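Residue numbers (this note's numbering), protein chains in the order written: chain A, 1 to 86; chain B, 87 to 470; chain C, 471 to 637. Every residue gets a Cβ at the ideal spot worked out from N, C-alpha and C, and that includes glycine. What you are looking at is a predicted structure, and each value in this text was computed from that prediction instead of being measured. Here is the structure we will look at, set down as structure tokens.
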Ligand code: SF4
Ligand code: SF4
């Protein structure tokens, strides 16, 4: 495939590059205890914590790097880091 | 028809007739008269262009880059520290392959602060992927703007260009210039036909991320486009000659080189003084000629080697210094003539506005013929 | 610079190639500046400053003494000096003809402002014969409009006749 002049492409191509593969721990969110404060999505360095229709939150594990910051800040202790089986 | 006008005004007038749709520039001496004139023309509705006022040169060229990607013909002008502030955007504009035309009213770079002329500014951007044209008088300055748009927008090229003219020496000089009419410019330069453009309905990103698997190939393609610009320039220059009677089909211009033993090599307005000096030396029986490099990027190495075939000595006048290495033009001329047996000497001259007289040119020829060169010419050793 | 530009423009209107440029530096009204003009029957390629002038115009006489305004002039040269009291003979090189003219007073009377460019242009034209009255007037009328054009033409003509009478 010939290169496109000016390295031009439709936007959103960075999503093709899934960056979560090297994680050791993954966050597990408990919607039952979640207070919907939104701290987890604010601090996530990957910007991969999304709000669900219920107003609680969940990580996009395609991009989550398992850093645990969300667990650290969650005031309700609703997030638990769990060793991932690969 | 010849008209008597200031160099900067000639630039503004010809830019107007090239019909840019977006102009963004930040005023800086000695470029100011150009952008003042253009701002006035936009305010008077003489040009149907958007004039974007910006807070810095970085913003000026960024605005041009975006406007160009959106499919507009754009124009900017700067010099010296202003161009230095554009450094990053210059590389992006070339990499994104946007045919922006920018006038450089050549000026030295600080420190020490100097508002006067040399060619350090544009030459320092020689690796950025912009085409670089150098004008020897204000007629050429005006003509080269039209040619620049034509070459840059050629789909074989798609690159930005500097049209360089010496600050003050040309920008502030009043002399006769013949400007084509709007109809004549329109006949030579058709409306901009973008190769691809930003469109909200079909979004695109320009200049994306290239991994190590692709970066080299993108750089290779930019380099190839620069070489294709040589042919595009020859075509556009010939066409210009056919329409206006002033031929620019050569990347280098020889003056009295036919049987010359010694050749001067130079760029820009110093060529005028050098031609007068050559005439005087010829009248005194000395076989001296001049080669004017009209296009510095892409570098016309083969054309230079062909033009200088018969000479034994070459003296390059460098109005810049690649600190720690020598003059940029001299270095490249030496490479172009490598293995030819011709002795090439480089002279750093006319930095920071130091005036050059015919006798200085003759003195350089004397030095070269004695085998003394690769030096700063006319150093005032008494102040060192 | 304006005087230099106008003189070069008038010469161009008179049918020769001409060139005018400032001694590149500060562009502030009142700052001491030099500007240069060349005329030629052929296209002018030379870009260096003028070191051996055939003619000089001194707009401000207080410069005389501070700088050698006659530097590089040879016999046969002509100097036009704006001054009320022409008493600087000692400095004038041999063979240089000096026309002293009180251009400031003429400018004040004709234009109402002490801007001497057009007055000195008239004096230059008469003293050197390089520019005829007709292209001079044409140059002024294309640079100025309405009553300003008339006033400047009058100032130039007055100086032209004054110097012409003395020549
Ligand atoms: S573990 Fe880190 S990367 Fe993953 S969701 Fe929590 S904050 Fe984001
Ligand atoms: S930080 Fe904890 S409580 Fe707050 S929204 Fe996230 S998961 Fe729920």
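Which residue marks the beginning of the alpha helix (DSSP H) containing residue 26 (chain A), and which one marks its end? For the purposes of this step, residue 26 (chain A) is identified with residue 26 of the first chain, where counting begins at 1. In the DSSP assignment, residue 26 (chain A) falls outside any alpha helix (DSSP H) and lies within the beta strand (DSSP E) extending over 25-29.
With distance defined between alpha-carbon atoms, name the residue in B:393, B:354, B:353, B:379 nearest to residue 347 (chain B). Start at 1 with the first residue of the second chain, and residue 347 (chain B) comes out as number 261. By alpha-carbon distance to residue 347 (chain B), the top candidate from B:393, B:354, B:353, B:379 is B:393.
State yes or no: is the C-beta of residue 539 (chain C) within less than 7 Å of the C-beta of residue 509 (chain C)? Here residue 539 (chain C) corresponds to residue number 69 of the third chain, with the count starting at 1. Here residue 509 (chain C) corresponds to residue number 39 of the third chain, with the count starting at 1. It is not a contact, given that the beta carbons lie outside the stated cut-off.
Residue 229 (chain B): contacting residues in chain C (beta-carbon distance under 8 Å): Stepping through the second chain from its first residue, residue 229 (chain B) is reached at position 143. Taking a Cβ-Cβ cut-off of 8 Å, residue 229 (chain B) has no neighbours in chain C, whose nearest Cβ is about 15 Å from it.
For residue 68 (chain A), verify whether its CB is less than 6 Å away from any heavy atom of ligand 2. Within the first chain, residue 68 (chain A) is the residue found at index 68, counting from 1. Residue 68 (chain A) Cβ: outside cutoff for every heavy atom of ligand 2.
In this structure, does DSSP put residue 485 (chain C) in helix, strand or coil? Working through the third chain from its first residue, we reach residue 485 (chain C) at position 15. Annotated three-state conformation of residue 485 (chain C) is coil, per DSSP.
Residue 320 (chain B) - DSSP class collapsed to helix/strand/coil: Here residue 320 (chain B) is taken as the residue at index 234 of the second chain, counted from 1. Residue 320 (chain B) falls in the helix class under three-state DSSP.
Enclosing alpha helix (DSSP H) for residue 397 (chain B) [first to last residue]: Your numbering for residue 397 (chain B) matches position 311 in the second chain. Counting along the chain, residue 397 (chain B) falls outside any alpha helix (DSSP H), and DSSP gives it neither H nor E.
Chain-ordered neighbours of residue 182 (chain B) on chain A, where CB pairs are closer than 8 Å: Reading the second chain from its first residue, position 96 is the one you call residue 182 (chain B). Listed along chain A are 6, 7, 8, each with a C-beta nearer than 8 Å to that of residue 182 (chain B).
Could you tell me whether any Cβ in chain B is nearer than 7 Å to the Cβ of residue 15 (chain A)? The residue you call residue 15 (chain A) lines up with position 15 of the first chain. Using a CB distance cut-off of 7 Å, residue 15 (chain A) does not count as an interface residue toward chain B.
Kindly identify the DSSP beta-bridge partner or partners of residue 113 (chain B). Within the second chain, residue 113 (chain B) is the residue found at index 27, counting from 1. None; residue 113 (chain B) has no bridge partner.
Cutoff 7 Å: residue 61 (chain A) Cβ touching any chain B Cβ: Position 61 of the first chain, counted from the start, is the residue given in the question as residue 61 (chain A). No - not a single Cβ of chain B is within 7 Å of the one on residue 61 (chain A).
Taking the alpha-carbon positions, what's the residue 137 (chain B) to residue 289 (chain B) distance? By 1-based counting over the second chain, the position of residue 137 (chain B) is 51. By 1-based counting over the second chain, the position of residue 289 (chain B) is 203. About 25 Å.
Terminal residues of the continuous alpha helix (DSSP H) containing residue 103 (chain B)? Here residue 103 (chain B) refers to the residue found at position 17 of the second chain. Residues 93-103.
Starting from residue 80 (chain A) and walking both ways along the beta strand (DSSP E), at which residues does that stretch end? As a working note, residue 80 (chain A) is residue 80 in the first chain. 79-83 is the extent of the beta strand (DSSP E) around residue 80 (chain A).
Does the distance between the C-beta of residue 87 (chain A) and the nearest non-hydrogen atom of ligand 1 fall short of 6 Å? Outside the shown range of chain A (1 to 86) lies residue 87 (chain A), about which nothing can therefore be said.
By Cβ distance, which residues of its chain are closer than 7 Å to residue 140 (chain B), with the 5 residues on each side in sequence left out? Your numbering for residue 140 (chain B) matches position 54 in the second chain. Around residue 140 (chain B): 110, 112, 146, 149.
What distance in whole Å lies between the Cβ atoms of residue 605 (chain C) and residue 490 (chain C), which are believed to be in contact at a cut-off of 8 Å? Walking along the third chain from the start, residue 490 (chain C) turns up at place 20. Walking along the third chain from the start, residue 605 (chain C) turns up at place 135. About 15 Å; that fails the 8 Å criterion.
Classify residue 159 (chain B) as buried or exposed, calling it buried when 16 or more other Cβ atoms lie within 10 Å of its own Cβ. Locating residue 159 (chain B) in the second chain gives position 73, where the first residue counts as 1. So residue 159 (chain B) ends up on the buried side.
One question on the structure: do residue 518 (chain C) and residue 404 (chain B) come within less than 7 Å of each other, judged by their Cβ atoms? Position 48 of the third chain, counted from the first residue, corresponds to residue 518 (chain C). Position 318 of the second chain, counted from the first residue, corresponds to residue 404 (chain B). Result no, Cβ atoms of residue 518 (chain C) and residue 404 (chain B) do not sit closer than 7 Å.
Residue-chain proximity (residue 516 (chain C), chain B), Cβ-Cβ < 7 Å: Reading the third chain from its first residue, position 46 is the one you call residue 516 (chain C). Closer than 7 Å to some Cβ of chain B, the Cβ of residue 516 (chain C) qualifies, so yes.
Going by other Cβ atoms of all chains shown within 10 Å of its Cβ, with 16 needed for buried, is residue 535 (chain C) buried or exposed? Residue numbering aside, residue 535 (chain C) sits at position 65 when the third chain is read from its first letter. So residue 535 (chain C) ends up on the exposed side.
Using a Cβ cut-off of 8 Å, pull out every chain E residue sitting near residue 362 (chain B), in sequence order please. Judged by its chain identifiers, the structure shown contains no chain E, and its protein chains are A, B and C.
Which term fits residue 471 (chain C), buried or exposed, when burial requires 16 or more other beta carbons within 10 angstroms of its beta carbon? In the third chain, counting from the first residue as 1, residue 471 (chain C) sits at position 1. Residue 471 (chain C) is buried by the Cβ-count criterion.
Note down, in chain order, every chain B residue with its Cβ under 7 Å from the Cβ of residue 45 (chain A). For the purposes of this step, residue 45 (chain A) is identified with residue 45 of the first chain, where counting begins at 1. From the beta-carbon of residue 45 (chain A), no residue of chain B is found nearer than 7 Å; the closest lies around 19 Å away.
Starting from residue 367 (chain B) and walking both ways along the alpha helix (DSSP H), at which residues does that stretch end? Numbered from 1 along the second chain, position 281 holds the residue referred to as residue 367 (chain B). Residue 367 (chain B) -> alpha helix (DSSP H) spans 356-369.
Please give the ranges of any beta strand (DSSP E) in the region 557-584 of chain C, keeping only runs that are unbroken, at least 3 residues long and fully inside the region. DSSP runs (the beta strand (DSSP E)) wholly in the region 557-584 of chain C: 567-571.
Delimiting residues of the beta strand (DSSP E) encompassing residue 383 (chain B): On the second chain, residue 383 (chain B) is found 297 positions in, with the first residue counted as 1. For residue 383 (chain B), the uninterrupted beta strand (DSSP E) segment begins and ends at 381-383.
Compute the minimum distance between the beta carbon of residue 26 (chain A) and the heavy atoms of ligand 2, and state whether it is under 6 Å. In the first chain, residue 26 (chain A) corresponds to position 26, counting from 1. For ligand 2, not one heavy atom lies less than 6 Å from the Cβ of residue 26 (chain A).
Is it right to say residue 239 (chain B) is buried, meaning 16 or more other beta carbons lie within 10 angstroms of its own, or is it exposed? Locating residue 239 (chain B) in the second chain gives position 153, counting from the first residue. It counts as buried.
Among B:249, B:357, B:398, B:451, which has the Cα closest to the Cα of residue 425 (chain B)? Taking the second chain and counting its residues from 1, one reaches residue 425 (chain B) at position 339. Of the listed residues, the one whose Cα sits closest to residue 425 (chain B) is B:398.
With a threshold of 6 Å, establish whether the CB of residue 75 (chain A) neighbours any heavy atom of ligand 1. As a first step, residue 75 (chain A) is located in the first chain; it is residue number 75 there, counting from the start. Residue 75 (chain A): no, Cβ never under 6 Å from ligand 1.
In the structure shown, what three-state DSSP assignment does residue 594 (chain C) receive? As a position in the third chain, residue 594 (chain C) is number 124, starting the count at 1. Helix at residue 594 (chain C).
In the DSSP output, which residue or residues are listed as bridge partners for residue 375 (chain B)? The residue labelled residue 375 (chain B) in the question sits at position 289 within the second chain. Answer is B:349.
Sorry if obvious, but does the Cβ on residue 39 (chain A) come closer than 6 Å to a heavy atom of ligand 2? For the purposes of this step, residue 39 (chain A) is taken as residue 39 along the first chain, with counting starting at 1. Yes.
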